[in-house]
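Sequence order for the protein chains is L and W. Count the first sequence with this note's numbering and you get residues 1 to 179, in order. Count the second sequence with this note's numbering and you get residues 1 to 251, in order. Ideal Cβ placement from N, Cα and C applies to all residues, glycine included. What follows is a single structure, written as structure tokens, with notes after it.
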Amino acid sequence: MSVPHALLGLLEQQPHHGYDLKRLFDSYFAPDRPLAYAQVYSTLARMEQRGQVRLEAIERAEGPDRRPFAITDGGRAELERWLHEPLLPEPHLQAALYAKVVLAILSGRPVEPLVDAERHAHLERMRELTAIRRDGTLQVALLADYCLFHLEADLRWLDVTAARIDDLRRQILQVSETK
Amino acid sequence: MTFRVGISLAVGRPDSGTIDRVGAKAAPAPVVISAAGLVKRFGQTEALRGIDFSLTRGEIVAVMGPSGSGKSTLLHCMAGILAPDAGTVTFEGRQIEGLSEAERTRLRRTSFGFVFQFGQLVPELSALENVALPLLLNNVKRSTAEAEAAAWFPRLGLEGMERRRPGEMSGGQAQRVAVARALVTRPSVVFADEPTGSLDTIAGEQVMELLTAAATEQNTSVLLVTHEARVAAFAQREIVVRDGRVSGAAR
Numbered sequence: 001m002s003v004p005h006a007l008l009g010l011l012e013q014q015p016h017h018g019y020d021l022k023r024l025f026d027s028y029f030a031p032d033r034p035l036a037y038a039q040v041y042s043t044l045a046r047m048e049q050r051g052q053v054r055l056e057a058i059e060r061a062e063g064p065d066r067r068p069f070a071i072t073d074g075g076r077a078e079l080e081r082w083l084h085e086p087l088l089p090e091p092h093l094q095a096a097l098y099a100k101v102v103l104a105i106l107s108g109r110p111v112e113p114l115v116d117a118e119r120h121a122h123l124e125r126m127r128e129l130t131a132i133r134r135d136g137t138l139q140v141a142l143l144a145d146y147c148l149f150h151l152e153a154d155l156r157w158l159d160v161t162a163a164r165i166d167d168l169r170r171q172i173l174q175v176s177e178t179k
Numbered sequence: 001m002t003f004r005v006g007i008s009l010a011v012g013r014p015d016s017g018t019i020d021r022v023g024a025k026a027a028p029a030p031v032v033i034s035a036a037g038l039v040k041r042f043g044q045t046e047a048l049r050g051i052d053f054s055l056t057r058g059e060i061v062a063v064m065g066p067s068g069s070g071k072s073t074l075l076h077c078m079a080g081i082l083a084p085d086a087g088t089v090t091f092e093g094r095q096i097e098g099l100s101e102a103e104r105t106r107l108r109r110t111s112f113g114f115v116f117q118f119g120q121l122v123p124e125l126s127a128l129e130n131v132a133l134p135l136l137l138n139n140v141k142r143s144t145a146e147a148e149a150a151a152w153f154p155r156l157g158l159e160g161m162e163r164r165r166p167g168e169m170s171g172g173q174a175q176r177v178a179v180a181r182a183l184v185t186r187p188s189v190v191f192a193d194e195p196t197g198s199l200d201t202i203a204g205e206q207v208m209e210l211l212t213a214a215a216t217e218q219n220t221s222v223l224l225v226t227h228e229a230r231v232a233a234f235a236q237r238e239i240v241v242r243d244g245r246v247s248g249a250a251r
């Protein structure tokens, strides 16, 4: 799961205070594992150093920690890069893949190119493993099988998600209206 | 999740030395069969909505996509089993829509091979006779046909089972016989529609190993329809059909 990219995606919609960001993050991306405030602020501080977010001008009669964060051009570019680049096939991709899908829906970007790019990256790796197992010993083949089954599981999840994009879009946009 | 032998889920980096085999490619092979602007309707349903696709000599391509996306219809149109409503299929320089039904049948018999999910062997014939059948239909002498068919059995892992009928074999064994039958005429293209669909993992793998290795040896192209990623990984590339169109990323 890439917390910085998820935060960038939320800030792309509009500037938010740290508190709102945590609340939105929890409801969209991690209903089962809420973020700690400390992590939100330390992540935002790092992103500020990298020039991806900045603090908005001080609102009247409010202390420094009530200043909302806004995305910068650098932040937007980083978000675009992350959304379009397929994730490297690796264990426990699910949270990051899910975050990408949700962000694409929230921002009105098409989801299918993202799913296709990821499927293609996964299949590339599966072809490599299939070649390795073909020429290898049984031990090598069994180890490769282990990886192949995991990659296949990711792909099945992608396919199921792709098939349910319309329903997911409806539900997510409903949640976003009630915020 | 990286093992001693360097097998991990991660994509091979340039320094990992595992991707050479896939990366290295010879000069582009000539196109054997291609579809241009293929449209096929069933009543109100548009199963194919303008597909462009080509297969080069010896190439193995997986056609993926959800159920009902049009992938089997694409295979049937390319094989001349179904006539498209618009668009053309060109096989070795000839448009197959222009051929008579007799010519198309001849084409399927001599230049194409087929593997389906199940039920394609003739139940009354032995395994050997099933493999020899396409040769006999092409007027090859019976003794020659049976000798050629028999030569396949060691490679199928079915030596000694030549006289068994399909009903006396396991699903995986019967499917390997079907692969031999599809390849015995040394066709230009094999069309395989979910060839492992009714098999367990290991039996399916044996069928795919056999199909891809034998097709590669005789430079036969394979159009492989499958919804399983592990099966698609035996192909050199994939196309994804969605709503009757070839979708984005990989073409």
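**Request:** Could you name the residues of the same chain whose beta carbon sits closer than 6 Å to that of residue 234 of chain W, not counting the 5 residues immediately before and after it, in chain order?
**Result:** Here the set comprises 208, 212.
**Request:** Taking residue 187 of chain W as the reference, give the member of W/164, W/162, W/91, W/98 with the closest Cα.
**Result:** Nearest C-alpha to residue 187 of chain W: W/91.
**Asked** Of the residues that make up the segment 139-173 of chain L, which ones have a beta carbon closer than 7 Å to any beta carbon in chain W?
**Response** Going along the segment 139-173 of chain L in chain order, one finds 140, 143, 144, 147, 148, 150, 151, 152, 155, 159, 163 with a Cβ nearer than 7 Å to chain W.
**Prompt:** Around the C-beta of residue 206 of chain W, are 16 or more other C-beta atoms found within 10 angstroms, so that it is buried, or is it exposed?
**Reply:** Its Cβ being crowded by 16 or more others within 10 Å, residue 206 of chain W is buried.
**Message:** Within 8 Å of any Cβ in chain W, is that where the Cβ of residue 80 of chain L sits?
**Reply:** No, its Cβ sits nowhere closer than 8 Å to a Cβ of chain W.
**Prompt:** If we cut at 8 Å on Cβ distances, does residue 97 of chain L have a partner in chain W?
**Reply:** No, residue 97 of chain L does not count as interfacial toward chain W.
**C-beta atoms of residue 21 of chain L and residue 8 of chain L nearer than 8 Å** = It is not a contact, given that the beta carbons lie outside the stated cut-off.
**Asked** For the segment 107-132 of chain L, which residues have a CB atom closer than 8 Å to at least one CB atom of chain W, in sequence order?
**Response** Within the segment 107-132 of chain L, the qualifying residues are 112, 113, 116, 117, 119, 120, 121, 122, 123, 124, 125, 126, 127, 128, 129, 130, 131, 132.
**Asked** Does DSSP put residue 227 of chain W in a helix, a strand or coil?
**Response** Residue state, collapsed to three classes: coil.
**Request:** In angstroms with no decimal places, state the Cα-to-Cα distance between residue 5 of chain L and residue 79 of chain L.
**Result:** Taking the Cα positions, residue 5 of chain L is about 6 Å away from residue 79 of chain L.
**Request:** Could you have a look at residue 141 of chain W and say whether DSSP puts it in helix, strand or coil?
**Result:** Residue state, collapsed to three classes: coil.
**Asked** Using a Cβ-Cβ cut-off of 7 Å (strictly less than) and excluding sequence neighbours within five positions of residue 87 of chain L, which residues of its own chain qualify?
**Response** The beta carbon of residue 87 of chain L sits closer than 7 Å to those of 93, 96, 97, 118, all from its chain and outside the five residues before and after it, given in chain order.
**Asked** Where does residue 84 of chain L land, buried or exposed, given buried means 16+ other C-beta within 10 angstroms?
**Response** So residue 84 of chain L counts as exposed.
**Prompt:** Is the beta carbon of residue 105 of chain L less than 8 Å from the beta carbon of residue 172 of chain L?
**Reply:** Cβ distance < 8 Å, so residue 105 of chain L and residue 172 of chain L count as in contact.
**Prompt:** Out of curiosity, what's the CA-to-CA distance linking residue 196 of chain L and residue 76 of chain L?
**Reply:** Outside the shown range of chain L, which is 1 to 179, sits residue 196 of chain L, and nothing can be said about it.
**Prompt:** Looking at residue 115 of chain W and residue 263 of chain W, is the spacing between their C-beta atoms short of 8 Å?
**Reply:** Residue coverage of chain W in this structure runs from 1 to 251, which leaves residue 263 of chain W outside it and unanswerable.
**Message:** Taking 8 Å as the threshold (C-beta atoms), are residue 47 of chain W and residue 80 of chain W in contact?
**Reply:** Not closer than 8 Å, so no.
**C-alpha gap between residue 170 of chain L and residue 11 of chain L, whole angstroms** = Spanning the alpha carbons of residue 170 of chain L and residue 11 of chain L requires a straight line of approximately 21 Å.
**Request:** Let me know if residue 202 of chain W comes out buried or exposed under the rule of 16 or more other beta-carbons within 10 Å of its beta-carbon.
**Result:** Residue 202 of chain W should be labelled exposed.
**Prompt:** Tell me, which residues are paired with residue 64 of chain W by DSSP?
**Reply:** Per DSSP, W/240.
**Request:** Scan the segment 223-240 of chain W for residues whose Cβ lies nearer than 7 Å to a Cβ of chain L and list them as they occur along the chain.
**Result:** Per Cβ criterion, the list reads 229, 230, 232, 233, 234, 238, 240.
**Request:** With 8 Å as the threshold, decide whether the Cβ of residue 195 of chain W is near any Cβ in chain L.
**Result:** No, residue 195 of chain W does not count as interfacial toward chain L.
**Asked** For chain L, is any of its Cβ atoms less than 8 Å away from the one on residue 69 of chain W?
**Response** For residue 69 of chain W, the answer is no, since every Cβ of chain L falls outside 8 Å of its Cβ.
**Prompt:** Counting only beta-carbon atoms, is residue 17 of chain W nearer than 8 Å to chain L?
**Reply:** In this prediction, residue 17 of chain W has a pLDDT of 38, which is less than 50 and means its spatial position is unreliable; what the coordinates show is noted afterwards. No, residue 17 of chain W lies away from the interface with chain L (no Cβ there is under 8 Å from its Cβ).
**Message:** What does the alpha-carbon distance come out to for the pair residue 129 of chain L and residue 123 of chain L?
**Reply:** If you take the alpha carbons of residue 129 of chain L and residue 123 of chain L, they lie about 10 Å apart.
**Message:** Residues of chain L with CB closer than 9 Å to the CB of residue 66 of chain W, please, in chain order.
**Reply:** Neighbourhood of residue 66 of chain W in chain L, by CB distance below 9 Å: 159, 162, 163, in chain order.
**Asked** Can at least three beta-carbon pairs, one atom from the segment 56-63 of chain W and one from the segment 226-243 of chain W, be found at a separation below 8 Å?
**Response** Yes: the two stretches touch, three or more of their Cβ pairs being nearer than 8 Å.
**Request:** Alpha carbon to alpha carbon, how far is residue 96 of chain W from residue 258 of chain W? Give it in angstroms, no decimals.
**Result:** Absent from the model: residue 258 of chain W. The displayed extent of chain W is 1 to 251, so no value can be given.
**Prompt:** For residue 51 of chain W versus residue 74 of chain W, is the C-beta distance shorter than 8 Å?
**Reply:** Taking a C-beta distance under 8 Å as the contact criterion, residue 51 of chain W and residue 74 of chain W qualify as a contact pair.
**Request:** Apply the 10 Å Cβ neighbour rule to residue 184 of chain W and answer buried if 16 or more other Cβ atoms are within range, or exposed otherwise.
**Result:** Classification for residue 184 of chain W: buried.
**Prompt:** So residue 75 of chain W is in the alpha helix (DSSP H); what residue range does that whole segment cover?
**Reply:** Per DSSP, residue 75 of chain W belongs to the alpha helix (DSSP H) from 71-78.
**Asked** How many angstroms separate the CA atom of residue 53 of chain W from the CA atom of residue 29 of chain W?
**Response** The C-alpha of residue 29 of chain W is placed about 15 Å away from the C-alpha of residue 53 of chain W.
**8 Å Cβ cutoff, residue 111 of chain W in contact with chain L** = No, residue 111 of chain W does not count as interfacial toward chain L.
**Asked** Can the beta-carbon of residue 199 of chain W be found less than 8 Å from the beta-carbon of residue 171 of chain W?
**Response** Yes; because the gap between Cβ atoms is below 8 Å, this pair is in contact.
**Item:** Contact check, residue 27 of chain L vs residue 82 of chain L, beta carbons under 8 Å
**Value:** Going by C-beta atoms, residue 27 of chain L is not nearer than 8 Å to residue 82 of chain L.
**Request:** Please report how far the alpha carbon of residue 132 of chain W lies from the alpha carbon of residue 181 of chain W, in whole angstroms.
**Result:** If you take the alpha carbons of residue 132 of chain W and residue 181 of chain W, they lie about 7 Å apart.
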